[in-house]
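Protein chains: 6
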Amino acid sequence: MSLISIHCADEIATITFTNSARRNALSNAMIEEVLHAVHDFEQNKMRVLVLRAERGVKVWSAGRDVTELPQPCRDPLEYGDPLEIILRQVQECSMPVIAMLEGSVWGGACDLVLSCDIVIGCPTTSFCMTPAKIGVPYNVTGILHFLNIMGANLAKEMFFTAEPLSAERAANFGIINHLVQTEELEGFTYEMARRITRNSPLTISVIKEQVRLLSCAHPLSPPTFERIQGLRRKVCDSKDYMEGINAFLEKRDPSFKGE
Amino acid sequence: MSLISIHCADEIATITFTNSARRNALSNAMIEEVLHAVHDFEQNKMRVLVLRAERGVKVWSAGRDVTELPQPCRDPLEYGDPLEIILRQVQECSMPVIAMLEGSVWGGACDLVLSCDIVIGCPTTSFCMTPAKIGVPYNVTGILHFLNIMGANLAKEMFFTAEPLSAERAANFGIINHLVQTEELEGFTYEMARRITRNSPLTISVIKEQVRLLSCAHPLSPPTFERIQGLRRKVCDSKDYMEGINAFLEKRDPSFKGE
Amino acid sequence: MSLISIHCADEIATITFTNSARRNALSNAMIEEVLHAVHDFEQNKMRVLVLRAERGVKVWSAGRDVTELPQPCRDPLEYGDPLEIILRQVQECSMPVIAMLEGSVWGGACDLVLSCDIVIGCPTTSFCMTPAKIGVPYNVTGILHFLNIMGANLAKEMFFTAEPLSAERAANFGIINHLVQTEELEGFTYEMARRITRNSPLTISVIKEQVRLLSCAHPLSPPTFERIQGLRRKVCDSKDYMEGINAFLEKRDPSFKGE
Amino acid sequence: MSLISIHCADEIATITFTNSARRNALSNAMIEEVLHAVHDFEQNKMRVLVLRAERGVKVWSAGRDVTELPQPCRDPLEYGDPLEIILRQVQECSMPVIAMLEGSVWGGACDLVLSCDIVIGCPTTSFCMTPAKIGVPYNVTGILHFLNIMGANLAKEMFFTAEPLSAERAANFGIINHLVQTEELEGFTYEMARRITRNSPLTISVIKEQVRLLSCAHPLSPPTFERIQGLRRKVCDSKDYMEGINAFLEKRDPSFKGE
Amino acid sequence: MSLISIHCADEIATITFTNSARRNALSNAMIEEVLHAVHDFEQNKMRVLVLRAERGVKVWSAGRDVTELPQPCRDPLEYGDPLEIILRQVQECSMPVIAMLEGSVWGGACDLVLSCDIVIGCPTTSFCMTPAKIGVPYNVTGILHFLNIMGANLAKEMFFTAEPLSAERAANFGIINHLVQTEELEGFTYEMARRITRNSPLTISVIKEQVRLLSCAHPLSPPTFERIQGLRRKVCDSKDYMEGINAFLEKRDPSFKGE
Amino acid sequence: MSLISIHCADEIATITFTNSARRNALSNAMIEEVLHAVHDFEQNKMRVLVLRAERGVKVWSAGRDVTELPQPCRDPLEYGDPLEIILRQVQECSMPVIAMLEGSVWGGACDLVLSCDIVIGCPTTSFCMTPAKIGVPYNVTGILHFLNIMGANLAKEMFFTAEPLSAERAANFGIINHLVQTEELEGFTYEMARRITRNSPLTISVIKEQVRLLSCAHPLSPPTFERIQGLRRKVCDSKDYMEGINAFLEKRDPSFKGE
Ligand code: NI
Ligand code: NI
Ligand code: NI
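Residue numbers (the working numbering), protein chains in the order written: chain D, 1 to 259; chain C, 260 to 518; chain E, 519 to 777; chain B, 778 to 1036; chain R, 1037 to 1295; chain P, 1296 to 1554.
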């Protein structure tokens, strides 16, 4: 059974998350389907991709499937993790990707949305960065996705409080390109997509790649990076990491000791 | 016949684009005049430069003169191109440069405005980034000018849709420092200029230079840059590039094939 | 006599500037007290630090104590200067630091606020960057603090005009995370602090450190930096620098010659 | 007719240039064959690749085929040029590549040898960097290959004089890993290859990739790179460039004017 | 029982490895002793540190104690590993450290020697980089230590062949500063140490720190580093890694499959 | 009276230091003459510059004139210092510069020689890096000049011991391109110069600039650089700095306390 549906028309491709039962959690299976779809769209020279959930959902995506997190003492955001792979694919594919957002966006799904090129939201949209609630050490590229869109102080508020960011604040701070009424969301998004299809796909794909490379152009010295990796490892090896995941799975509040 | 007029008073220099007939297109001839003017202002120790069009214009500047683009298979945004030279001069001169904007700003003129230090707009102001409409591969420093002012998602919307950005959105996203009524535009701008003249010109010019250098401090490895250059070259060599320029000159919609 | 008061409750530490008589100027003595307090909070595993002034103050902090600036021909923002040390401590400590702002914030105190992780303001809050008024050459890390929070054009307006930035504009541009009514300021701030204490302190401190390192990741080549240092030295050695400090101490307007 | 011969035994692959008639010039056709061969070796999990010419040749490779240089006003060392592609393939493939050198190595073939992992030479080996003799603007990655192996002063001597560097000096300066007698060249090289096949191929390929990335880790700011590109373009567009190529093809000394 | 002996005279400190029975393997216990000793020398303002083994040893140090490598699926060269800590301490301490080498130097001990400031060897000295023999993925800072001393081709020969590098070749390639007769080794080393003690310790320690920082100044973008970390992780998780360690402990040749 | 003599023939310019009485110390007056000469050679399109002393001198140059060092508490190697200016001019001028060395080279003159493109020496040549003998904090670009030519361990030996490096070791380590007999020095140097004049000056000057930029491409983050500057300032402000200069001028051994 498929966890997404796909649609192509007028050089515009659409991926719709259809696993509302599981709140469109980014499970390995669902990511696998997205990877294949995007790959095919590129082959078929689609010019824009719209990433969306079904109409009327409360949750656009609940983020990574916590039941699939690796065992303790292993980096949960490793380069080869499916979530990391899909984030890179969205950034590296030649088509612009528009995130069309109805409902709340959680954890890794926030990172996915920030990896899209353009974000259209509506009043029910909200963002919630959960790693500090679960105790997960975030990775450097993931944090960089935030810093390329918003000021460091807002990124830190999102990560440190793990509270939802409303559509209105998101639009004010430029995280959402356009905030429109829910009933106009589709019309607005596809009208923008259509305009993009009329422009030069070569120019667009090269500019997209240039923006990606400039966004990565915050290089760190090797000892700095190895130090960060060492700090992150301590978090993965901590009791709090297990407490956070267990609390999440047991649907209770975690009790963190800082150890 | 001059394409600009210049004025100096109270240590405030002003360049006014006066070629409304050609919508103040940034032709080689006009850029040449601006270069000389800025050079003289520096010699005469002017403390602020206001860059503006004539009162009541619909178009502040239509951007680069497309009839002067180089022949196919040549980089249209090369380091020695007059537009690139004027962008650097505006950034490197010791005076703060205030862009005072009435009317719409197109293509290379957007880049010029973003290269200014402070931007004052009014309700008729709008910005439209046109390279994807013409099929021009943008250069890395040009894209960086956008990323130092706005989030990557907004920059990509401007480049990918090539649709006008309204004064209101520009102000919301911080592209325009102040959005004031059209009739207050001059008063507001020159009042700010006057305040700047009272402050330490040495402090200001060094901070301006530091901001410029930090804005450039997104270094790329040599193979990354040569790869970008290779991608841009494919665009210059493409059929779409010729189609884009021809369509523009023939005032018809281009038909891009991605080849 | 102490220049600050400190308070700890529920893993939330608070530093209150209590030297309103001197407008909470960041004197060496006051910085020394803050350094000790933050150090102790870290030892005692506080989870959040709130940095604030007393209720109802007009001036949150007047910034660096100008009477303590070094003699001419010496860099006033040197690495070992107490102000620089406290900025680094706030950035490097493992607790999130929330700046809770009532009243105006001047010069080096703006830099302190931007070095905090989250900023909560109220209608009386304003920011004023004064170095160009006094003739002080700002340092590279200081300018970088601004560029990591706001667009380059807004940073330049603040530095070049040395005019106050209102709470409203600061909130629009994302410098203030939340703008709330003065009477709600405390309640709002401590509610946010409480939420943070419930999350994983290990995750938070590592993300804070990653954001810090990514914010610094705008590297410059050695000749570029030595050139900046040479430019800054010329400012320290200039007549204008002495004029600026003297004018400030004599409470008169400076007359800068650019020499 | 093939321009190379290939051989595989004991997990050691060998490519032998067999076009002595054309002094093993790196023509597009020959590069194409090498590309395919290396690709196949990787598929077949070969553990080492030896790159060599036939026994007793005077010229190991004369470098790029000058008759195939692009027309004037086009970058002759563009990212998509076959020579550039083969240099990257040699650096990026997972097997160590040993250059086994008998005879002289010219121009682009020097760059190919420096892109190999290990270099074994004999008394007839010599290196000659010819671009200044022909008037070709070298690319940044090419120059970086030299700087990662030798001091800047030696690289500049090679480029500026375009004189042969003897096997002895090359060995002294570490360009050649081992200088052995011609009759021992094969035995020595394959003995080293055999030792490598006994070690962990995973460890080796990851270290090779790390060395490659660290060798590239000399990042340049975007304006610096665009400036270099502008300087190189002036060379391609110059009269001297045409003079250099014509003189080479007419087998006469060029007469450069610096224009 | 101590694994090292220490000695101080004339502001010259000496650490002598005294665990010849275990071939001075860099066990956690021995590293712990070195860490304390260096720390004390710094407190006591020693001006030079000589790092040596006992007279007449065959093996200066066999490198890291393989029996202490972490279990599979864990990074064996993690930031907090004792070997990594001692490498950083040697680089970061304010005294110059002279490695005085008699006998062979293996694996992690090569990295320790390259982390010293000056290396004095004698004819019995040799270097052998063993990670490819055991199947260990080397870390980025470790590889960088090699690239800051020798050409990339020599570093790759050492890593890929895991064969000893003789004192003579090491001296030729500049890895050893001075190659002297074994009986002159002590006299020569301490004479150099004495000369250093006469010079300005402030100047020396700042230059040492500058060289360290410049040696690290090969920054990598975040995705590049996370990709390397992903590649290294595959090696740690591979069957070959277990095979390599087991073979070493069982004193037999490993049989690597590349899996 | 002139401190240098200049000569031009066959597109080869020569500067000869003629102030043997003062051991060709790099006084401000002498540097001024060199600056003018190089500027004129560039205007006159000279193709190579030979930098030399008079035949038979014992001292090629004694380095910076210590009597002209700035007063304490001021950076002696500031960006605008004449020595720094001449180093940059030699690196940035379009002609290759060959240092032809007879006699010993001291302190800042070593830096000048390393800033040249090619170095030819003879048996009387030697190098001595004296800052640690005088107590001067070296600057970052100066140290980088060494690291681009030699391994970090050799650079540290030169700086830490302040002992002469013989011509033979210099040649072994590649600091000297060619070591020839004293009587052949002129013939050899001018023969190389002549060969360079026959090659493309455009190609050569662009490659020279690329090597310069790649040599600088070791970028440091702003806090790293400000920390180095702070460390260097402590040295300038120390008692040892005054002791070092006084001892030098009084021709006695300094007694450094590390304070
Ligand atoms: Ni940045
Ligand atoms: Ni940036
Ligand atoms: Ni390097």
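Yeah, the Cβ is synthetic: ideal placement off N, Cα and C, and Gly gets one too.
Model, not experiment: these values are computed from the prediction.
- With the rule of 3 Cβ pairs closer than 8 Å, the stretch 1488 to 1505 of chain P does not count as touching the stretch 1264 to 1274 of chain R.
- For residue 377 of chain C, the enclosing beta strand (DSSP E) has its first and last residue at 377 to 380.
- Out of B:902, B:893, B:1020, B:1029, the CA that lies nearest to the CA of residue 878 of chain B is found in B:902.
- Using a Cβ-Cβ distance cut-off of 8 Å, the stretch 1510 to 1517 of chain P and the stretch 730 to 740 of chain E are in contact, since at least three pairs of beta carbons, one from each stretch, lie closer than that value.
- Chain E has no Cβ within less than 7 Å of the Cβ of residue 79 of chain D.
- In terms of Cβ geometry, residue 885 of chain B and residue 841 of chain B form a close pair [threshold 7 Å].
- One thing to note: residue 1134 of chain R has its Cβ no nearer than 7 Å to the Cβ of residue 1456 of chain P.
- Under the three-state reduction of DSSP output, residue 150 of chain D falls in the coil class, being neither helix nor strand.
- Excluding residues up to 5 positions away in sequence, 1015, 1016, 1017 lie with their Cβ nearer than 8 Å to the Cβ of residue 1036 of chain B in the same chain.
- At a Cβ-Cβ threshold of 7 Å, residue 1306 of chain P and residue 1342 of chain P count as neighbours.
- Scanning its chain for C-beta atoms nearer than 7 Å, with the 5 sequence neighbours on each side dropped, one finds around residue 801 of chain B the residues 794, 830, 836, 837, 838, 839, in chain order.
- Secondary structure of residue 1044 of chain R (DSSP, three-state): strand.
- Under DSSP, residue 955 of chain B takes part in a beta bridge, and its partners are B:897.
- Proximity to ligand 3 was defined by a C-beta distance below 7 Å to any of its heavy atoms, and the residues meeting it, in sequence along the chain, are B:995, R:1254, P:1513.
- Using beta-carbon distances, residue 789 of chain B does not count as an interface residue toward chain R, since no partner is under 7 Å.
- The stretch 1243 to 1278 of chain R contains, as complete alpha helix (DSSP H) runs of 4+ residues, the segments 1258 to 1272 (chain order).
- Contacts with chain B at 7 Å (Cβ-Cβ) include residue 1469 of chain P.
- In this structure, residue 547 of chain E keeps its C-beta atom at 7 Å or more from the C-beta atom of residue 524 of chain E.
- With contacts defined by Cβ atoms closer than 7 Å, residue 1211 of chain R and residue 1186 of chain R form a contacting pair.
- Contact between the stretch 961 to 968 of chain B and the stretch 1460 to 1467 of chain P is not established, with fewer than three Cβ pairs separated by less than 8 Å.
- Spanning the alpha carbons of residue 984 of chain B and residue 872 of chain B requires a straight line of approximately 11 Å.
- Taking 7 Å as the cut-off, the beta carbon of residue 1351 of chain P is found no closer than this to the beta carbon of residue 596 of chain E.
- Of D:73, D:76, D:80, the smallest CA-CA separation from residue 1263 of chain R is found for D:80.
- Spatial neighbours of residue 526 of chain E in its own chain (CB-CB distance under 8 Å, excluding positions within 5 residues in sequence) are listed in chain order as 532, 559, 562, 564.
- Listed along chain C are 473, 476, 477, each with a C-beta nearer than 8 Å to that of residue 736 of chain E.
- Only exposed fits residue 516 of chain C, as fewer than 16 other CB atoms lie within 10 angstroms of its CB.
- Rounded to whole angstroms, residue 987 of chain B and residue 882 of chain B show a C-alpha spacing of 27 Å.
- Rounded to whole angstroms, the gap between the alpha carbons of residue 166 of chain D and residue 156 of chain D is 16 Å.
- Using a Cβ-Cβ cut-off of 7 Å, residue 744 of chain E is close to 1374, 1434, 1435, 1436 of chain P, given in chain order.
- Sequence-distant Cβ neighbours of residue 139 of chain D in its own chain, meaning closer than 7 Å and more than five residues away, are 77.
- Only exposed fits residue 767 of chain E, as fewer than 16 other CB atoms lie within 10 angstroms of its CB.
- Contacts between residue 635 of chain E and chain D, judged by CB atoms closer than 9 Å, involve 152, 153, 156, 157, 160 in chain order.
- In the DSSP assignment, residue 520 of chain E falls outside any beta strand (DSSP E) and carries neither an H nor an E.
- From the listed residues P:1346, P:1423, P:1363, P:1369, the smallest Cα separation to residue 1385 of chain P is found for P:1346.
- Rounded to whole angstroms, residue 32 of chain D and residue 4 of chain D show a C-alpha spacing of 10 Å.
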